[in-house]
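Everything on this sheet refers to the single structure shown next.
Numbering (this note's numbering), first residue to last: 319 to 455.
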């Protein structure tokens with residue numbers, strides 16, 4: 319499945335002092351290898367002056383956090399120790415622990431997928447009941 323395509327349009331109405339943001343997301347719907355349709359989601363947001371100031375403030379804070387995180391990560395790369403036999407043994411133990419954690423995570427994903435499957439089956443029944451014989455499925 320292809321990545322969703324997102325288009326953003328931002329306009330400002332000087333007369334009303336409002337910023338309008340329209341976000342349109344398009345994603346292909348595929349069954350197997352065949353594209354059967356497109357799902358288009360459109361969200362429109364209207365912001366007044368206080369909202370615009372809040373958005374810019376939040377984005378500025380996020381930018382600062384990302385810049386600090388990148389700086390810390392780059393500094394962390396400088397402090398990497400050399401691989402010794404002790405570290406190799408620890409790495410093997412960590413791999414065993416990660417394998418165990420992965421199996422626990424997979425088990426929980428199975429449970430979630432089984433629940434989702436029940437919901438999908440319910441939705442299929444509802445659609446078929448609603449459409450009836452008006453459309454050959």
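Ideal placement from N, C-alpha and C gives every residue a C-beta, glycine not left out.
Every value quoted in this text rests on a predicted model; they were computed, and no experiment measured them.
Out of the options, which one is the CA nearest neighbour of residue i?
i	options	result
residue 343	323, 336, 354 and 350	323
residue 364	339, 372 and 448	339
residue 331	370, 357 and 355	370
residue 325	350, 351, 362 and 349	362
To the nearest angstrom, how far is the alpha carbon of residue i from that of residue j?
i	j	result
residue 327	residue 439	37 Å
residue 409	residue 401	10 Å
residue 389	residue 380	14 Å
residue 396	residue 329	44 Å
residue 334	residue 348	43 Å
residue 368	residue 374	10 Å
Is the CB-CB distance between residue i and residue j below 9 Å?
i	j	result
residue 353	residue 346	yes
residue 336	residue 383	no
residue 399	residue 391	no
Please indicate yes or no: does the CB of residue i lie closer than 8 Å to some heavy atom of the ligand ZN?
i	result
residue 421	You won't find the ligand ZN in this model; it holds no ligand whatsoever.
Give me the DSSP bridge partner(s) of residue i.
i	result
residue 345	357
residue 365	337
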